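See below for the structure under consideration.
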Amino acid sequence: MTKSQLIEALAKQQPHLAAKDVELAVKCIIENMNQALSSGERIEIRGFGSFSLHKRPPRMGRNPKTGESVELAEKHVPHFKPGKELRDRVDFSSSKYKIVD
Amino acid sequence: MALTKADFAEKLFDELGLNKREAKDMVEMFFEEIKGSLEHGEQVKLSGFGKFELRDKSSRPGRNPKTGEEIPITARRVVTFRSGQKLKARVEAYAGAE
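And the structure:
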């Protein structure tokens, strides 16, 4: 499923809303998730999961072209921990459905 | 304090002018639709955010960390999240709270 398919599915379920508003709503939710994470804030959605940042310590890296050592600063990466309901639903139905994109 | 569904509904109310009921339903359905898709084996790619992927794991030996007892971990399907380039870049720039 892609973002546009998600928008389509949500529009079908909410016929009282204009398609354009559903699209804006999806973009608004996603943008607010991006904003929260990039300011270091956690997101907790019961039954779905939580998003947080994991710290990666500074390390020595190498420029693959020149072989030169470079110091890489500490950074943060987004992390998602699925909630219990999502974990269970995905696992229970796994024998019935093949994984597809 | 983490962001919750209520906060997202509030944003839809403030930024888009959906009424409270519509905003609450929209947030509910947004996450339910993604869960439903993953439940049916369909991975979810939200451009500008990231991809929810599915992985079938085979069974492996495990251990109860408290008692040290050996118990097999059964085969299972799990959800993983890979953040997109845009989100990764924005988060990398975060300098940390301390």
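Quick note, the sequences are listed as chains A and B, same order.
So this note's numbering is basically just the index in the first sequence, starting at one, shifted up by 21.
So this note's numbering is basically just the index in the second sequence, starting at one, shifted up by 1.
The beta carbon of each residue, even a glycine, is placed where N, CA and C say it ideally should be.
Note that the structure is predicted; figures quoted are calculated from it, not measured.
For residue 90/A, same chain residues with a beta-carbon under 7 Å away, outside a window of 5 residues either side, are 81 and 83 in chain order. Between the alpha carbons of residue 65/B and residue 72/B lies a gap of roughly 7 Å. The continuous stretches of alpha helix (DSSP H) do not include residue 82/A, which lies in the beta strand (DSSP E) extending over residues 80-83.
Looking at the backbone, the Cα of residue 30/B and that of residue 96/A are separated by about 33 Å.
In the three-state reduction of the DSSP assignment, residue 102/A falls in the strand class, which pools E and B. A Cβ-Cβ distance of about 27 Å is found for the pair residue 77/A and residue 111/A, leaving them out of contact under the 8 Å criterion.
Nearest to residue 8/B by C-alpha distance, out of 33/A, 49/A and 36/A, is 49/A.
Here residue 97/B is near residue 61/A, since their CB atoms are less than 9 Å apart. For the region 90-110 of chain A, residues whose beta-carbon sits nearer than 8 Å to a beta-carbon of chain B comprise 95, 96, 97, 98, 99, 100, 101, 103, 106, 107, 108 and 110. Closest in C-alpha terms to residue 3/B, from the list 113/A, 87/A and 57/A, comes 57/A. Using a CB distance below 8 Å, the part of the region 63-92 of chain B facing chain A consists of 77, 78, 79, 80, 81, 82, 84, 87, 88, 89, 91 and 92, ordered along the chain. Residues of the same chain with a CB within less than 6 Å of the CB of residue 28/B, apart from the 5 flanking positions on each side, are 6, 9 and 10 in chain order.
Not a single CB atom of chain B sits nearer than 9 Å to the CB of residue 83/A. A direct Cα-to-Cα measurement between residue 63/A and residue 83/B gives close to 16 Å. Contact residues of the region 52-73 of chain A toward chain B are 52, 53, 54, 55, 56, 57, 58, 59, 60, 61, 62, 63, 64, 65, 66, 67, 68, 69, 70, 71, 72 and 73 (C-beta to C-beta distance below 9 Å).
One finds 23 and 24 in chain A with Cβ atoms closer than 8 Å to the Cβ of residue 48/B, taken in chain order. In this structure, residue 33/A sits away from residue 51/A, with a CB-CB distance that is not shorter than 9 Å. Look at residue 37/B here: in three-state DSSP terms it is helix.
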